[in-house]
Each structure stands twice: as structure tokens, then as C-alpha cells.
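**Q** Pasting a structure below so you can have a look.
Protein chains: 2
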Amino acid sequence: MPRYMDVHSGFKGVTKEQLAEAHKQDQAVEGAEGVHFTKAWADPKSGKAFCLSEGPSQEAVLRVHERAGHPTTEIYEVSIDVE
Amino acid sequence: MPRYMDVHSGFKGVTKEQLAEAHKQDQAVEGAEGVHFTKAWADPKSGKAFCLSEGPSQEAVLRVHERAGHPTTEIYEVSIDVE
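In order, the protein sequence lines correspond to chains A and B. For the first sequence, the positions run 15 to 97 when the numbering used here is used. For the second sequence, the positions run 15 to 97 when the numbering used here is used.
This is the structure we're talking about:
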């Protein structure tokens, strides 16, 4: 299953509780699209957030974010990872 | 220890072996700065890459990337994460 990293702006001042709530909203609606959000990171200073997901397509991932109320248009298929 | 996500461009066409080599180059010089690169993802189509690290400061992380030969200026302190 392809993996994606998407990027959000506008999370300035976000708390851990708020990020957890946003992530739960994604996970509540992701099933219908065959998507799974695995992890999210945020920088409350700049307002940037990054979400890692698996799903059938970029469009499916973005639809989940849109339905959950925090749309973005910036997404990358991260087909390679190392650690 | 603060955690950071940094963003690179210019990795168009990168292979898993090349990303692993770049990541190893970071890890070979990170110790002097008290930095540790934990994970990297890349999208060979767009050339975007994302690196997750821990370290004492953004500047320390960027110095490691610069010494390893793949500098960037885009970095965020991701003080919050959820899964």
C-alpha cells in the first residue's frame, strides 16, 4: 500500500490534545477510503503539521482530511524510507 | 531532547540505496553535534525528502546536513506528535 506524507499549515499554537483530536477525526472517517493515518507531528510555533498515512491514492488521503475538517493540498508519495 | 522535521528538495529519482547512503552520511557526522537522525522518507517523483531527528537545536541539525553534503534551510521543531 503506498505511503504518503502530507503537510498542513495553520496549526499555530496547537496543543497535544488538539492534534490528537484532529488525528482521531481523520481516523474516524478514513475507513471508507481505505486509508490509514499512522502518525502526525506538529510545530505549534510555525503552525506546520505533517501526517504519515497509507492508502490507495493521494486523492483518497486528501478526501479523508477534507471530510475531517482540515484539508490540505500538499502531499507526497514517500515510496522510500530508511532508518 | 527536541525533535525536528526537516524538508529537502532535489531528490528527484533518488533510489532507496542513495537515500540510505545520504542517511548514513548524516549519521556518520551527527555525533559531534549531539544530533541523531532517526528516520528519512523520500518521494523520488517530486524530489522531496523529510528527515526526523533529535538534537540540541535546529542549527545543530542543519550543520550536520551541511557537513554531510545535503544542506537545507527548512526545518521545524515538531514538539508534538500523535499516533
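We treat Cβ as the ideally placed atom computed from N, Cα and C, and that holds for glycine. Here the structure is a predicted model, which is why all the values come from computation and not from measurement.
Can you give me the C-alpha to C-alpha distance between V92 of chain B and G48 of chain A, rounded to a whole angstrom?
**A** Along the second sequence, one-based indexing puts residue 92 of chain B at 78. Along the first sequence, one-based indexing puts residue 48 of chain A at 34. Roughly 27 Å separates the two Cα atoms.
**Q** Between the stretch 64–74 of chain A and the stretch 28–46 of chain B, do three or more beta carbon pairs fall short of 8 Å?
**A** Verdict: no, contact absent.
**Q** Please classify K62 of chain B as buried or exposed, where buried requires at least 16 neighbouring CB atoms within 10 angstroms.
**A** One-based indexing of the second sequence puts residue 62 of chain B at position 48. So K62 of chain B counts as buried.
**Q** Let's test the definition: count the other Cβ atoms within 10 Å of the Cβ of P58 of chain B and tell me whether it reaches 16, buried, or not, exposed.
**A** On the second sequence, residue 58 of chain B is found 44 positions in, with the first residue counted as 1. Label assigned to P58 of chain B: buried.
**Q** Give me the DSSP bridge partner(s) of E68 of chain B.
**A** Counting from one through the second sequence, the residue named residue 68 of chain B turns up at place 54. Per DSSP, B:R17 and B:H50.
**Q** Comparing alpha-carbon positions, which option in B:H22, B:K30, B:P16 and B:T29 lies nearest H79 of chain B?
**A** Position 65 of the second sequence, counted from the start, is the residue given in the question as residue 79 of chain B. Ranking B:H22, B:K30, B:P16 and B:T29 by Cα distance to H79 of chain B puts B:H22 first.
**Q** Can you have a look at E97 of chain A and say buried or exposed, based on whether 16 or more other CB atoms are within 10 angstroms of its CB?
**A** Taking the first sequence and counting its residues from 1, one reaches residue 97 of chain A at position 83. Exposed is the call here.
**Q** Between A:D95, A:A74, A:A82 and A:R81, which has its C-alpha nearest I89 of chain A's C-alpha?
**A** Here residue 89 of chain A corresponds to residue number 75 of the first sequence, with the count starting at 1. Taking only the C-alpha atoms, the option nearest I89 of chain A is A:A74.
**Q** Which residue marks the beginning of the beta strand (DSSP E) containing E44 of chain A, and which one marks its end?
**A** Position 30 of the first sequence, counted from the start, is the residue given in the question as residue 44 of chain A. From DSSP, E44 of chain A is part of no beta strand (DSSP E); its letter is neither H nor E.
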